[in-house]
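All remarks here apply to the structure that follows.
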Amino acid sequence: MAEMTYRDALKQALRDAMAEDDTVMVIGEEVGRYGGAYGVTKGLYEEFGPDRLIDTPISEPAIVGAAVGAAMSGLRPVAELMYVDFIGMTMDQLGNQAAKIRYMFGGQVGVPMVLRTQGGTGRSAGAQHSQSLEAYVMHTPGLRLVMPATVSDAYHLLRQSLKQPDPVVFIEHKALYTMKEDVDLAAPAPEWGKARVHRTGDDLVIVTYSRQLHHVLAAAEAMARKGVQATVIDLRSLNPLDFDTVRTHVERVGRVMVVSEGVMTAGVGAELSARIHEECFDFLAEPVIRVCGEDIPISVSVELEKNSVPTAAFIQTAGEKLVGLRTAA
Amino acid sequence: MTAPIDTAVAEKVPRSNTELLALYRQMRRVRTFEERVGELFVRGQSAGSMLHLSIGEESAAVGVASLMRDGDTFTTHHRGHGIFLARGADPNRMMAEIGGKEEGYCRGKGGSMHIADMGLGHLGANAIVGGGIPAVVGAGLASKREGRGAVSIAFFGDGAMQQGILYESMNMAALWDLPVIFVCINNQYGMGTRIEQATKGRALHERGLAFGLNSETVDGLDVRDVRAAAGRIIDGARGGTPGFLAVECYRFFGHARMDKSPYRTPEDEEQGRAKDPVGFARKALVESGESSEADLDALDAEIAQEMDATIDFTVAAREPALQTMFRDVYAPGEPEPESVAARIDRILAGD
Chain H
174 MAEMTYRDAL
184 KQALRDAMAE
194 DDTVMVIGEE
204 VGRYGGAYGV
214 TKGLYEEFGP
224 DRLIDTPISE
234 PAIVGAAVGA
244 AMSGLRPVAE
254 LMYVDFIGMT
264 MDQLGNQAAK
274 IRYMFGGQVG
284 VPMVLRTQGG
294 TGRSAGAQHS
304 QSLEAYVMHT
314 PGLRLVMPAT
324 VSDAYHLLRQ
334 SLKQPDPVVF
344 IEHKALYTMK
354 EDVDLAAPAP
364 EWGKARVHRT
374 GDDLVIVTYS
384 RQLHHVLAAA
394 EAMARKGVQA
404 TVIDLRSLNP
414 LDFDTVRTHV
424 ERVGRVMVVS
434 EGVMTAGVGA
444 ELSARIHEEC
454 FDFLAEPVIR
464 VCGEDIPISV
474 SVELEKNSVP
484 TAAFIQTAGE
494 KLVGLRTAA
Chain Z
3 MTAPIDTAVA
13 EKVPRSNTEL
23 LALYRQMRRV
33 RTFEERVGEL
43 FVRGQSAGSM
53 LHLSIGEESA
63 AVGVASLMRD
73 GDTFTTHHRG
83 HGIFLARGAD
93 PNRMMAEIGG
103 KEEGYCRGKG
113 GSMHIADMGL
123 GHLGANAIVG
133 GGIPAVVGAG
143 LASKREGRGA
153 VSIAFFGDGA
163 MQQGILYESM
173 NMAALWDLPV
183 IFVCINNQYG
193 MGTRIEQATK
203 GRALHERGLA
213 FGLNSETVDG
223 LDVRDVRAAA
233 GRIIDGARGG
243 TPGFLAVECY
253 RFFGHARMDK
263 SPYRTPEDEE
273 QGRAKDPVGF
283 ARKALVESGE
293 SSEADLDALD
303 AEIAQEMDAT
313 IDFTVAAREP
323 ALQTMFRDVY
333 APGEPEPESV
343 AARIDRILAG
353 D
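Heads up: the protein sequence lines correspond to chains H and Z, in order.
Add 173 to a position in the first sequence, counting from 1, and you land on the number used in my numbering.
Add 2 to a position in the second sequence, counting from 1, and you land on the number used in my numbering.
Printed below as a string of structure tokens:
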């Protein structure tokens, strides 16, 4: 056990993967000499050299496109997109190329690349540097989608992503880089694609992922002090999606909230809500509630930014209303 | 960095008539194959109307592909049948893929615009203009690391000259000294838009020069000229200096099979089709005495037979089984996506 930050866990995962497999390389803007815009790759350039840490010009589409070609040619590239907000620029290479190559070519070849990026609010970074765009990725068959919420998952999920045969979009949360946790990296890795149940309660189920896990856990603590017991599920990866774990707890409890930082409309919460309604209809005591980002851009103002996405207090209030509704009925 | 092509340099390249006959044969194969693709469409046997013929562009495909080696890789565009065939593809499997059949290169899932073959280094045709270009940068990185001199070539049309991804890719290739080549087959048209309507900068190789690539523009009329220019560019790339080659030619027919070219006059077409690399090579062979008309008629007839057989092969080939629809979204061994029908039945089964 050692205390480690989310950032250092990611770095350690890259370091271990690069030491173990010399086809692993990192390609992106400022990943080498600078050490990454959020410092994740700091020091790796000195350890592994310019052929493994490739600094690129500011050319996001070609960074992803080059990673696609490298992955088809026997390398295992980690392309870094500095902000997930830039993903739109790369969507041809990601959505039309990386995601579809195995299928279009009849299974001849895969694209075993990882696109590392980060998103979310928390740094007053404004409308073009604060978004949660995972729904863009989740809407594209062929792309795996991983969003670690904890230090331990940051390490293990990145290591596992680097062993996948298919392209993985790995979205970190910018507000988590400095989070510390005691971790044992030598401990067995969690099962790939499996959600983690952080606490179990009988009053409601809260399904979440990425940074919102921490808001949800704080809300669940506060609710527990009022006698409302929540089950909290961290999905960890959105593709593959561990719906079995969600179903098991929803069927047991009957009330469920989905908490996500992305905007509500046509988002991850919408997909989860639809599935829960379809698959667990007979077990639901109340409609599935989406607690999501507001359907607005993110502001620079600290107060506006904070209130554009779910806060722990907001989640707690929503949870208590959901449980209260049921009690009244 | 070499200067743009000048005729004096081209004249120095030895011209062997035997080589020309081989090049002619490949160009005739490409043209006849494309004619059969058109017939497949007319017969209702192609899997769609997204068929873009490269008739008139044979010298670009054959001139460059004739210099590729085992281990070299390439990507093509939506008009790439000729390049793949010239690189050694089996025309039966190509036609079957265009027909969407199981025996095709991609088991009927890719078709004309997404055909690929890892065995021949074909990293894929592409239906997005410019979409296949950056992959050669990645392939070039892998090749440079291996150090065996394999090149990776992106083929694209003049339409892609106005796409940003090309310049991002050219810049990276030059910056990192990659064994990469960008080949623009300038057939004068991006769908219905003539190049004059798309750009002021029509000396295309100048764009390559601006990025520090070996760059030339070559007239596509004489396949020997194309081969000579491609040779210089490819040799440079094998040595670590990436290159750019524009081949000037004319798209004989419409953009796709449904396009009757209303945006150009019959006189334009007649003038454009005068730049016929197949006819030019044939005439050169006869005039030099290397081949007789009768020899070439016999060769053409043999090729016609070979390509006729591709239609028979495709008509007889199987449709892919419906259950293959969910295969290869993810790697073998990964769970396949659940079908909509199966999901509905599962949900309603509880009621």
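For glycine and all other residues, C-beta sits at the position ideal for the given N, C-alpha and C.
Values in this document were obtained by computation on a predicted structure and should not be read as measured data.
For Tyr-191 (chain Z): DSSP bridge partner residues:
The partner list for Tyr-191 (chain Z) (beta bridge, DSSP) reads Z:Arg-196.
Please tell me whether Ile-183 (chain Z) and Val-153 (chain Z) are closer than 9 Å, where the distance is taken between their beta carbons.
The Cβ-Cβ distance between Ile-183 (chain Z) and Val-153 (chain Z) falls below 9 Å.
How would you list, in chain order, the residues of chain H whose beta-carbon sits under 9 Å from the beta-carbon of Ala-319 (chain Z)?
Think of a sphere of 9 Å around the beta carbon of Ala-319 (chain Z): no beta carbon from chain H falls inside it, the nearest being about 14 Å out.
Rounded C-alpha distance that separates Ile-469 (chain H) from Lys-184 (chain H)
Ile-469 (chain H) and Lys-184 (chain H) have their C-alpha atoms some 33 Å from each other.
For the beta strand (DSSP E) containing Leu-226 (chain H), list its first residue and its last residue.
Counted as a single uninterrupted DSSP element, the beta strand (DSSP E) harbouring Leu-226 (chain H) occupies residues 226-228.
Residues that Pro-339 (chain Z) contacts on chain H, provided the C-beta gap is smaller than 8 Å:
For a Cβ distance threshold of 8 Å, residue set Pro-314 of chain H lies close to Pro-339 (chain Z), ordered along the chain.
Opening and closing residue of the alpha helix (DSSP H) in which Gln-333 (chain H) lies:
Run containing Gln-333 (chain H): 324-334, per the alpha helix (DSSP H) assignment.
What span of residues does the beta strand (DSSP E) with Val-342 (chain H) cover, start to end?
Note, Val-342 (chain H): beta strand (DSSP E), 341-346.
Spell out whether any CB of chain H is found under 9 Å from the CB atom of Tyr-332 (chain Z).
At least one chain H Cβ lies under 9 Å of Tyr-332 (chain Z).
Should Met-277 (chain H) be listed as close to the ligand NAP, given that the test is whether its C-beta is under 8 Å from any heavy atom?
The ligand NAP is not part of the structure shown, which contains no ligands of any sort.
Report yes or no: is there a C-beta of chain H within less than 9 Å of the C-beta of Ser-114 (chain Z)?
With 9 Å as the cut-off, Ser-114 (chain Z) does not count as an interface residue toward chain H.
Please classify Ser-171 (chain Z) as buried or exposed, where buried requires at least 16 other C-beta atoms within 10 Å of its C-beta.
Taking a 10 Å sphere around the C-beta of Ser-171 (chain Z), we find 16 or more other C-beta atoms and assign the residue as buried.
From the DSSP output, in three-state form, read off Thr-484 (chain H) for me.
Note: Thr-484 (chain H) maps to coil in three-state DSSP.
How about Ser-246 (chain H) and Leu-125 (chain Z): are their beta carbons less than 9 Å apart?
Yes; because the gap between Cβ atoms is below 9 Å, this pair is in contact.
Ala-502 (chain H) versus Glu-459 (chain H) - alpha carbon distance
Residue placement at Ala-502 (chain H) is flagged as unreliable, the pLDDT there being 38, under the threshold of 50; a coordinate-derived value is accordingly withheld.
Can you pull the DSSP bridge partners for Pro-250 (chain H)?
For Pro-250 (chain H), which the question treats as bridged, DSSP gives the partners H:Met-198.
Between Met-70 (chain Z) and Asp-415 (chain H), what straight-line distance do the alpha-carbon atoms span, to the nearest angstrom?
The straight-line gap separating the alpha-carbon atoms of Met-70 (chain Z) and Asp-415 (chain H) is approximately 47 Å.
Selected residue, minimal CA-CA separation from Gln-325 (chain Z), among Z:Met-29, Z:His-54, Z:Glu-104
Nearest C-alpha to Gln-325 (chain Z): Z:Glu-104.
At 8 Å on the CB atoms, spell out the chain Z contacts of Phe-343 (chain H), in chain order.
Ordered by position in chain Z, no residue passes the 8 Å Cβ test against Phe-343 (chain H), which lies about 16 Å from the chain.
Secondary structure of Val-441 (chain H), DSSP reduced to three states
Helix.
Cβ-based neighbour list, Met-52 (chain Z), same chain, cut-off 8 Å, excluding 5 preceding and 5 following:
Same-chain partners within the cutoff: His-80, Gly-113, Ser-114, Met-115, Ala-129, Ala-258.
Could one say the Cβ of Ser-325 (chain H) lies closer than 9 Å to chain Z's Cβ atoms, at least one of them?
For Ser-325 (chain H), no Cβ of chain Z is located within less than 9 Å of the residue's own Cβ.
Quick one: residues in its chain with C-beta nearer than 6 Å to the C-beta of Thr-381 (chain H), no 5 flanking neighbours on either side, listed in chain order?
If the five residues before and after Thr-381 (chain H) are omitted, its C-beta is found closer than 6 Å to the C-beta atoms of Val-389, Val-432, all from its own chain and listed in chain order.
How would you call Thr-267 (chain Z), buried or exposed, if buried means at least 16 neighbouring beta carbons within 10 angstroms?
When all chains shown are included, Thr-267 (chain Z) counts as exposed.
Report yes if the C-beta distance between Ala-327 (chain H) and Tyr-179 (chain H) is below 9 Å; otherwise report no.
With respect to the 9 Å criterion, Ala-327 (chain H) and Tyr-179 (chain H) are classified as neighbours on the basis of their beta carbons.
Among H:Ser-446, H:Ser-232, H:Ala-186, the one whose alpha carbon lies nearest that of Ile-260 (chain H):
Nearest C-alpha to Ile-260 (chain H): H:Ser-232.
Please confirm whether Arg-275 (chain H) and Val-138 (chain Z) have their CB atoms less than 9 Å apart.
Their beta carbons are not under 9 Å apart, which means Arg-275 (chain H) does not touch Val-138 (chain Z) by this criterion.
For the segment 271-297 of chain H, list every residue whose C-beta sits within 7 Å of some C-beta in chain Z, in sequence order.
Cβ contacts with chain Z come from Ile-274, Arg-275, Tyr-276, Met-277, Phe-278, Gly-279, Gly-280, Gln-281, Val-282, Gly-283.
Uninterrupted alpha helix (DSSP H) stretches inside the segment 48-112 of chain Z (no shorter than 4 residues):
Along the length of the segment 48-112 of chain Z, whole alpha helix (DSSP H) runs at least 4 residues long occupy 60-67, 83-88, 93-100, reported in chain order.
Buried/exposed call for Ile-346 (chain Z), threshold 16 Cβ in 10 Å:
Classification for Ile-346 (chain Z): exposed.
Applying the 10 Å Cβ sphere with the 16-neighbour rule, what's the burial state of Ser-145 (chain Z)?
In summary, Ser-145 (chain Z) is buried, with 16 or more beta-carbon neighbours lying within 10 Å of its beta-carbon over all protein chains present.
With the cut-off set at 9 Å, would you say Met-191 (chain H) and Pro-250 (chain H) are in Cβ contact?
Result no, Cβ atoms of Met-191 (chain H) and Pro-250 (chain H) do not sit closer than 9 Å.
Delimiting residues of the alpha helix (DSSP H) encompassing Gln-185 (chain H):
Residues 179-193.
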